[in-house]
Amino acid sequence: MDNGAANPIIVCENVKKWFGDFQALRGVTTSVAEGEVVVVIGPSGSGKSTFIRCINRLEQHQEGRIVVAGIELTSDVRNIERIRSEVGMVFQQFNLFPHLTVMQNITLAQVWVRKRSRSDAEERAMALLERVGIPEQAAKYPGQLSGGQQQRVAIARSLAMDPQIMLFDEPTSALDPEMIKEVLEVMQELAGTGMTIVAVTHEMGFAREVANRIVLFDEGQIVEEGPPSEFFANPRHPRTKMFLSQILSH
Amino acid sequence: MNSESFDLPLPPEPPPKALRIGWLDWARNNLFNSVFNGTLTVILTAGMLLLILGVLRFVFSPDRRWEVMPPNAANYVVEAYPRDDLFNMWLSLWIIAALAGVSTASWGMGGQVSVIKVVAAVRAIGATALVVGVLSLWSPAGSATQTVLVWGGVVLFGLGAGAMRLVREEREVSVARVLAIVGALLVGLVWYMPLESGTTWPLTITALVVVAFHWVGKLVGQWLSAQLMKRVITVLWVLSFPVIYLHIQRNPSLVWAEVTPWLPWAGLLIAVGPVVIWVVSRAGREQAAGVNFLLGAVAIYSWVIQWPMAIRVLFLLLTLFSLATPTFAASPRARRAFYWTWLAGGLCTLYFFLMGIGSTDLATRGHFLGGINLTILLAVGGTALSFPLGVMLALGRTSSMPIFRILSIVYIEVVRGVPLITVLFFGDKVIPRFLPPGLDFAGEAKALLAITAFSAAYLAENVRGGLQAVSKGQTEASRALGMTTAQMTMLITLPQALRVVIPALVGQAIALFKDTSLVAIIGLADFLRVARDIVPNQPDSLGSILENLLLAALVYWIFAFSFSRASLRLEKRLGVGTR
Amino acid sequence: MANRPSLASPTRPPLWRNATFLKWAAQIGVLFGVLALGSVLVGEAMANMRAQGLALDWDLLTDPPGIQLGEGIFIKPSTGLEAFYTGAVNMLRVALSGIVAATVVGVIVGIARLSSNWLASRLASVFVESFRNIPVLVQVVFWFFFASTFFPVLEEDSSGPIPGVLLVSRKGVSFAWPFPQETFWQWGAFLVAGLLTARWAYRTRMRRAEELGEDTRPGTWALLAFLAWAVVGWFAHPLAGAIGWLFMLLAASVGAIPVLAYQVILALISLYLGWRWINRFLDSRRSPAGLAKLTDDDYFRMILAGALGAGGAAVLMLLPAATEVGTNVVQYLLEFCDQKFEFLRSGAPLAIGTPSVDVPGRFPQIASTGLTMTPSFFGIWMGVTLYTASFIAEIVRGGILSVPKGQSEAGYALGLRRGQLLRMVILPQAFRVILPPLGNQYLNLSKNTSLGIAVAFPEMVQVGQTMFNQTGDTIQVILIWMAFYLSISLLISVLINYYNRRTQLVER
Ligand SMILES: Nc1ncnc2c1ncn2[C@@H]1O[C@H](COP(=O)(O)OP(=O)(O)OP(=O)(O)O)[C@@H](O)[C@H]1O
Ligand SMILES: [Mg+2]
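Residue numbers (the working numbering), protein chains in the order written: chain B, 566 to 815; chain G, 39 to 617; chain U, 101 to 608.
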C-alpha cells in the first residue's frame with residue numbers, strides 16, 4: 566500500500582469540472598497505484614460520482630490532467646475507446662440491457678469491442694458467471710433476476726472486458742441488506758486477485774477490511790486521505806471527524 | 039418462501055357458479071337502469087331503426103346500380119393492367135399467399151378463441167340479419183332478398199342460441215380453424231358470384247396455396263430451427279415486393295447491348311467488395327479511415343463525372359459497407375457474415391437495377407399500375423422506405439450535435455406542418471423541374487417518393503418517443519463498455535426504442551394506407567380513382583358513383599379495421615411478453 | 101513499470117483525431133452537402149424554367165389570373181392575391197366550423213362510449229370504428245356526391261324540410277342565420293366593454309365570496325353585466341361610432357412618419373434583442389467564481405442569436421420594402437377599422453337571413469339569404485368533421501379513463517350525482533390530458549381541408565392548382581402553400597402550448 570506513488574496507474578492533477586456555473590470538482594490531485602483498492606466516501610453531492618466518471622470519461626473534465634494506464638484523457642478519439650475498454654464500471658442502478666439475456670449482456674461488448682469470437686466470449690462469460698456465483702441464470706432476462714443477481718451480472722459484464730481497473734459507483738445502494746452481502750463478497754474476492762479498484766461506497770465494513778486507502782470528498786475536493794487504520798482511528802481534519810461521527814452514529 | 043402449512047381450519051372453496059341472468063334482467067341493468075337511460079334507449083332505438091330503414095331504402099332502391107360491380111372486379115383490383123397478361127397478377131397473388139401460408143406455420147395464428155365467443159358471434163349475426171330482414175319488408179327490396187334475410191336470420195339465430203346452451207364455458211377452438219372455415223365459405227361464394235370469367239379458378243387456387251404452404255411450412259419447420267425459419271421468411275417477404283413489382287408485374291425486357299458496356303465492371307465491383315472489407319477490417323484505425331475516405335471521394339466523384347448509374351449506386355453501397363466495417367465486422371465471424379451480406383446485397387441491387395431499366399413488354403396505355411394493386415404498392419412501399427429515413431431523422435433530432443438536430447427539426451416540422459396533398463404536388467410538379475429537361479419519373483414513382491418523404495417525418499416523431507424512453511443509464515453502460523456511438527445505437531438504443539413504439543408504428547402504417555387515396559387527386563389510377571372516376575364514367579355504368587364510393591369505403595374500411603384489430607392484439611401480446 | 105506516465109509534456113491530439121474537431125467537421129460537412137445539393141437543384145430548376153420561358157418571380161400575385169372560383173369573396177378575382185385571399189378565407193370557414201362541429205360531436209360520442217347505457221356505448225363505438233377507418237378523402241367525396249345527386253332537386257317552390265329555417269337541395273343546404281350588418285362593429289364595441297365589465301364583476305364577486313364566505317353568485321352577476329351592455333348597446337350603438345375618429349387619427353399618424361425612421365428603430369430593436377439574449381445567456385452561465393466553461397453548444401447558440409439579430413437588422417435596413425409593406429398593412433388595418441365606425445350611423449346590428457339557394461355558391465357577406473353551404477362545402481365539411489370527430493371521441497374517452505378511479509369514488513362518497521361528477525370532477529382533470537392530442541386533431545382537420553380540391557371547393561390548394569395550371573408557376577404556388585399552412589400550424593401549436601402551460605401552472 567505504500568507503493569502509491571511508485572507505480573501509479575491513475576494520475577489526477579488539479580482536475581476541475583463545472584456543470585453550467587456549478588463547480589463540481591475544484592481541483593482534485595491524487596494517484597492510484599496498480600493493485601490498490603481505494604474507497605471514496607463523502608456527503609451527497611460532494612462530487613464522488615463526478616470524479617470517478619471522469620476517470621473513464623463519462624464526464625469530461627475541463628481543466629487539469631488525468632492519465633489512466635499511461636494514456637492521457639483528451640478528446641483524442643483513439644484514446645477514449647481504448648481507455649474505456651481498460652476501465653470497467655459498475656453502476657448503482659446496474660444498467661443491464663433489458664432486451665438481452667444475461668449471456669448476451671456479457672458477450673455483447675466482448676464480441677463487438679474486444680472482437681472475440683462468439684464461442685470464446687461465451688466461454689469467458691460462463692467462467693465469470695460461475696465466479697460471481699450465478700451460472701444457472703445465463704439464459705434469463707435481467708428483469709427476471711433479483712437486484713443482487715443483477716449487480717453481479719453487471720460486475721461479470723465489466724470483468725469480461727479484462728479491464729485493468731474497476732470503478733464502482735455505490736454498487737450496493739439500490740440493494741436490500743441480504744443482497745448487499747453477496748455483492749460485497751464478489752468485490753472482496755476481486756480485490757484479492759490484485760485488481761485495481763476505485764469504489765464509491767458507504768459500506769464502512771468493506772472499507773475497513775478491504776481498502777488500502779480511504780479518500781474523503783467534500784465540496785468537490787479531497788479533504789483527507791489515508792489508510793483505513795489511521796483514517797478511522799485518528800482523523801486529522803475536523804470535517805472528517807464530523808462526517809465519521811455522522812455515519813458511524815447509526 | 040415459507041412452505042410450512044399450519045393446518046388452519048378453513049380449506050379453500052371453489053368460486054360460486056356464474057349467475058346466468060335472463061335477458062330481461064340484462065335489459066333492466068344495461069338499458070333501463072335510470073329514467074334518463076330508459077328515455078335515451080327509446081330515442082336511440084327509434085333513431086337507429088329509422089336510420090336502418092333509410093339505408094335499406096337507399097340500398098334496395100331500383101335506382102341503385104349494384105350490378106355494375108362484379109363485371110368491373112378486374113378494374114378495381116388492377117385497373118389498366120393488360121388482360122392478356124393477367125397471369126402475372128395471379129402469380130404475384132400466389133407468391134403472397136404462399137408466404138402468408140408459410141408464415142402462419144411459423145408464427146402461429148393468434149392461438150385459441152373460446153367457442154362461446156364464436157357461437158355468440160353467429161347468434162349476433164343472425165339477430166342482425168333478422169332485424170334487417172324484418173325492416174326490409176318496408177323497403178323496395180325484392181321478396182327473395184327479404185326471405186333470405188328473415189329466414190337466414192332465424193336459422194342462424196336459432197343455431198347460435200341453441201349451441202349457446204350446449205357448449206361448455208371452457209371449450210376453445212384455434213383461430214386458424216375458424217379462419218379456415220370462413221375462408222372456405224368465401225371460396226364457395228366466389229363460385230356463385232357473377233365475376234368476370236376466368237377468376238373463379240385462380241381465386242380458388244389462391245386459397246389452396248395458402249393451405250398447402252401452411253403445411254409446407256410445418257414440414258420444413260421440422261428440419262430447420264424456428265429462428266432460422268423466421269429469418270428466412272422475413273427475408274423472403276422483404277424481397278417479394280420488389281420482385282413482384284419490378285419483375286413479375288412489370289415484365290421487363292432487357293436490351294443486353296445497353297448494359298454490356300458496364301455490366302462486367304459492376305460484376306467486378308461486387309467481386310472486389312469482400313477484398314475491401316477484408317482490408318479495412320484488418321487495417322489499423324487510421325489506415326481504415328484513409329481507405330474509407332478514398333472510397334467516399336471516388337463515390338462522390340462518380341456522381342460528378344456521371345458513371346453508369348448502377349456503378350455509382352454500387353460504389354456508394356460499397357462505401358457504406360466499408361464505413362461500417364471497423365465497427366461491425368471486426369471479429370472473424372462477423373466479417374464472414376459481412377461478405378455474404380455484401381454479395382447478396384450487391385447482386386440484389388444489380389438485379390433490381392437491370393429489371394428497373396428494361397422497358398416493359400406490356401401492351402399498356404402508358405402505365406401498368408392501378409387499382410388496389412397500386413394502393414398496396416404505395417402503402418407497403420411507403421412504409422418500408424420511410425422506415426430507415428424516419429429512424430435517421432429521429433436519431434438526428436435526438437443527437438447531441440446541434441446542426442444535425444436543427445436540420446432534422448426543420449425537415450420534420452415543415453413536413454408535418456403542411457398537408458400531404460401539397461407534398462404530392464411538390465413531387466409531381468417540382469421534381470421534374472430538378473431533372474434535366476425531357477426526363478421525368480413515372481407518376482407512381484414520384485408519388486411513392488412524396489409519400490415516403492411525408493411519412494418519414496411522422497415516423498421520426500414516433501421513434502423519437504421511443505428513443506427518449508431509453509434511460510440514460512443504458513447509454514452510459516454501453517459507453518463504459520467501450521462501444522462506439524454507432525454500436526451503441528444499433529445494438530442498445532434502437533432495439534429498445536423500436537420495441538416501445540411498435541404499436542405507434544403500426545398506427546402510422548394504417549394512417550399511411552388511408553392516405554394513399556390522395557394520389558387520386560394528382561391523377562394516379564389508384565383504387566379510389568377507379569371507384570370515383572373510371573368505373574362510373576364508363577358508358578354502361580353511368581350513375582353508379584355513390585355505389586362505387588360505398589364499395590371503396592367498405593374495402594378501405596375492411597383493410598384498416600382488421601389491421602387496427604391485429605395491432606391491438608399485438609400490443610397486448612407485447613405487453614405480456616416484456617416483463 | 102512501462103506505463104509510467106510522464107506528466108512533463110501535456111499531449112494534444114492531432115486535429116484529425118480530436119473528437120470535438122471531428123464532430124464539428126462532420127456536421128459542417130453534412131450542412132455543406134445539404135446546401136450544395138439544394139443549390140444544385142435550385143440552379144437546375146432555374147435553368148429548366150428559363151428554358152421553358154418561366155421565371156421565379158411573383159408576378160402571379162399581381163397579374164389578373166383569368167380564373168373563376170366556385171364560391172367565395174372574389175368569384176372572379178382580378179389579381180392572384182385576391183384569388184389566394186378567397187381561398188384562405190374559404191379554408192378558414194371550413195376549418196373553424198369543422199373544428200366546432202367536430203368537437204361537439206366528438207365530445208358527445210366520447211362520453212357516450214363510456215355511458216352505462218349499453219345501446220349508447222355500442223352505437224358510439226360503431227360511429228368511431230366506422231368513420232376513423234375510412235380514408236377521409238373517400239368520405240369527403242362521398243358526401244359531395246351524396247349532396248349533389250341524392251338531395252331533392254331545387255324547384256321554384258322548394259322550401260326544404262323546415263320552411264323558413266332549413267332548405268335542403270342539390271344546389272346546396274341553407275339555414276336561417278343572423279348576419280352582422282354595417283353597424284355590427286359599433287355594437288361590437290359595446291360587447292367588448294360588456295365582456296370586460298363581466299370579467300371585472302366576476303372577480304370582485306369572487307373576492308367578496310372569499311371574504312364573506314357565502315355564495316355571491318359571481319356567474320350570474322357577470323352574465324347580467326354583459327347582457328346589460330349588450331341590450332344598451334343594441335340601441336345606443338350609434339354613439340360608439342365616435343371610435344372611428346380614433347382610428348382615423350392613428351392611421352394618419354402612422355402614415356406621417358417616414359419609412360426610414362421605422363427601419364432604424366426596428367433594426368435597433370433587432371440588434372438589441374440579439375445582444376440582450378447573448379447577455380442573459382452569459383449571465384446564466386456566470387457565477388461568483390467567474391464565467392463557467394462554455395460548451396460547443398453554448399457558443400453555437402450565442403453565434404446563432406447574434407447572427408439572427410444582426411441578420412434581422414441587415415434585412416430591415418437593406419430592404420425598405422419589407423418595412424414599407426409592414427407599415428402599409430398596419431395603416432390599411434387602421435383605415436379598415438375606421439370605416440366600420442361612423443358617428444350616429446344607425447340600424448339593427450344583426451339581421452336574420454332566411455334560407456335560399458337562389459344564387460348558388462354565393463358568399464353571403466351581408467345577405468338576405470340564410471347561411472348557405474354549397475354541395476362542395478357540404479362534402480368537405482361533413483367529411484373532415486365526422487372523420488375528426490371519431491378521433492376526438494377516442495381522445496375524450498382516453499382522457500376520462502385516465503382520471504384515477506379514486507376520484508370518482510371520492511365524488512360519489514361526497515354525494516355527487518353522475519352528471520355532476522362528470523362536470524365538476526372528471527372533465528376538468530381529463531381536460532389536461534385531452535388538450536395536447538386535441539390540438540393535434542385541430543391541426544389535422546385544418547390540413548385536411550386541403551382535400552376540398554377533390555370536390556372543387558376553392559380553398560388554398562384548389563385555388564393554387566387552378567393558378568399554376570394557368571401560369572405554370574408551380575414553385576411559387578407551393579411556397580405560398582407552405583407559408584400559409586405552416587403559419588396556421590404554428591398558430592395552433594402556440595395556442596395549445598399557451599393553454600397547456602396555463603393548466604400546468606394551476607397544478608402547482
Ligand atoms: N449532469 C449534471 N448536471 C448538473 N449538475 C450535476 C450533474 N451531475 C452532477 N451534478 C451536480 O454535481 C454535484 C456533484 O454530483 P455527484 O453526483 O458527483 O455527487 P455525489 O458525491 O456522487 O453524490 P451522491 O452521494 O448523492 O451520489 C451535485 O451537486 C450535482 O447536483
Ligand atoms: Mg453519486
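Glycine included, every Cβ here is placed at the ideal spot set by N, Cα and C.
Tell me which residues share the same chain as Ser141 (chain G) and place their Cβ nearer than 7 Å to its Cβ, disregarding the 5 neighbours each side in the sequence. For Ser141 (chain G), the CB contacts under 7 Å within the same chain, skipping 5 residues up- and downstream, are Ile271 in chain order.
Span of the beta strand (DSSP E), counted from its first residue to its last, around Asn579 (chain B): 573-584
Anticipated Cβ contact below 8 Å, Leu486 (chain U) with Phe290 (chain U), distance rounded: Actually they do not touch by this definition, with Cβ atoms about 38 Å apart.
Just to make sure I have the definition right: I need the residues of chain B whose C-beta is within less than 8 Å of the C-beta of Leu122 (chain U). Which are they? Those within 8 Å of Leu122 (chain U) in chain B are Val642.
Ligand 1 and Gly612 (chain B): does the residue's C-beta get closer than 6 Å to at least one heavy atom of that ligand? yes
If I'm right that Met726 (chain B) touches Met760 (chain B) with Cβ under 8 Å, what's the distance once you round it to whole angstroms? About 13 Å separates the two Cβ atoms, so there is no contact after all.
Can you give me the C-alpha to C-alpha distance between Ser605 (chain G) and Glu51 (chain G), rounded to a whole angstrom? 39 Å
Name the one or two DSSP bridge partners that Gly503 (chain G) has. None; Gly503 (chain G) has no bridge partner.
Are Phe441 (chain U) and Gln286 (chain U) close, meaning C-beta to C-beta below 7 Å? yes
Close beta carbons around Arg681 (chain B), own chain, < 6 Å, minus the five adjacent residues each side: Gln675
Is Arg215 (chain G) buried or exposed, if buried means 16 or more other CB atoms sit within 10 Å of its CB? Arg215 (chain G) should be labelled exposed.
Work out the CA separation of Gln287 (chain G) and Ile128 (chain U) for me, nearest whole Å. 44 Å
Whose C-beta lies closer than 6 Å to the C-beta of Arg537 (chain G) among residues of the same chain, with five residues either side of it excluded? Cβ neighbours of Arg537 (chain G) beyond the five flanking positions: none.
Are there three or more Cβ pairs, one per stretch, closer than 8 Å when the region 642-657 of chain B is compared with the region 732-748 of chain B? The region 642-657 of chain B makes contact with the region 732-748 of chain B; the number of CB pairs closer than 8 Å reaches 3 or more.
Starting from Glu311 (chain U), trace the alpha helix (DSSP H) both ways and give me its first and last residue. 284-312
Tell me, to the nearest whole angstrom, how far the beta carbon of Val555 (chain U) is from that of Ile526 (chain U); I am working on the premise that it is less than 8 Å. That belief does not hold up - the Cβ atoms of Val555 (chain U) and Ile526 (chain U) are roughly 39 Å apart, past 8 Å.
Could you check whether the Cβ of Phe436 (chain U) sits closer than 6 Å to any heavy atom belonging to ligand 1? No, the beta carbon of Phe436 (chain U) sits no closer than 6 Å to any heavy atom of ligand 1.
Just to confirm, are Leu458 (chain G) and Phe492 (chain G) a CB contact at a threshold of 7 Å? For the 7 Å CB-CB criterion, Leu458 (chain G) and Phe492 (chain G) form a contact.
Suppose the cutoff is 6 Å on Cβ atoms and the five residues either side in sequence are ignored; what does the same chain contact list for Ala322 (chain U) look like? Ala298, Ala301, Tyr302
Spatial distance of Arg350 (chain G) from Gly334 (chain G) (CA atoms): 11 Å
Of all Cβ atoms in chain U, is any one closer than 7 Å to the Cβ of Asp734 (chain B)? no
At least one CB of chain B closer than 7 Å to the CB of Leu608 (chain G): is that the case? no
When we look at the beta-carbon of His767 (chain B) and count the other beta-carbons within 10 Å, is it buried (16 or more) or exposed? exposed
Mind checking who Asn118 (chain U) pairs with in its DSSP beta bridge? B:Asp641
Compare the C-beta of Arg567 (chain G) against all C-beta atoms of chain B and say whether one is closer than 7 Å. no
Chain U contact residues for Ala440 (chain G), given Cβ-Cβ distances below 7 Å: The question names Ala, but residue 440 (chain G) is Pro in the sequence shown. Result: Asp397, Phe400.
Which value, in whole angstroms, describes the spacing of the CA atoms of Thr77 (chain G) and Trp64 (chain G)? Distance between the alpha carbons of Thr77 (chain G) and Trp64 (chain G): 17 Å.
Among the residues of its own chain, which have a CB less than 7 Å from the CB of Trp104 (chain G), if the five just before and after it don't count? Glu585
With H, G and I counted as helix, E and B as strand and the rest as coil, what does DSSP make of Gln576 (chain G)? coil
Ile730 (chain B) lies in the beta strand (DSSP E); which residues open and close that run? 730-734
Indicate, with yes or no, if ligand 1 has a heavy atom lying under 6 Å from the CB of Ala589 (chain B). yes
Can you check which of these residues, U:Thr179, U:Arg150, U:Val236, is closest to Met567 (chain U) by C-alpha distance? U:Thr179
Contact set for Leu638 (chain B): own chain, Cβ-Cβ below 6 Å, skip 5 residues either direction: Excluding residues within five positions, the ones whose Cβ falls inside 6 Å are Arg622, Ile631.
Using beta-carbon positions only, say whether Arg717 (chain B) and Ile671 (chain B) come within less than 7 Å of one another. no
Go to Glu687 (chain B), then tell me how far its alpha helix (DSSP H) extends in each direction, as first and last residue. 683-696
So, for His405 (chain G): in the same chain, excluding its five sequence neighbours on each side, which residues have a beta-carbon less than 6 Å away from its beta-carbon? Residues of the same chain with their beta carbon placed closer than 6 Å to that of His405 (chain G) are lacking, with the five preceding and five following residues left out of the count.
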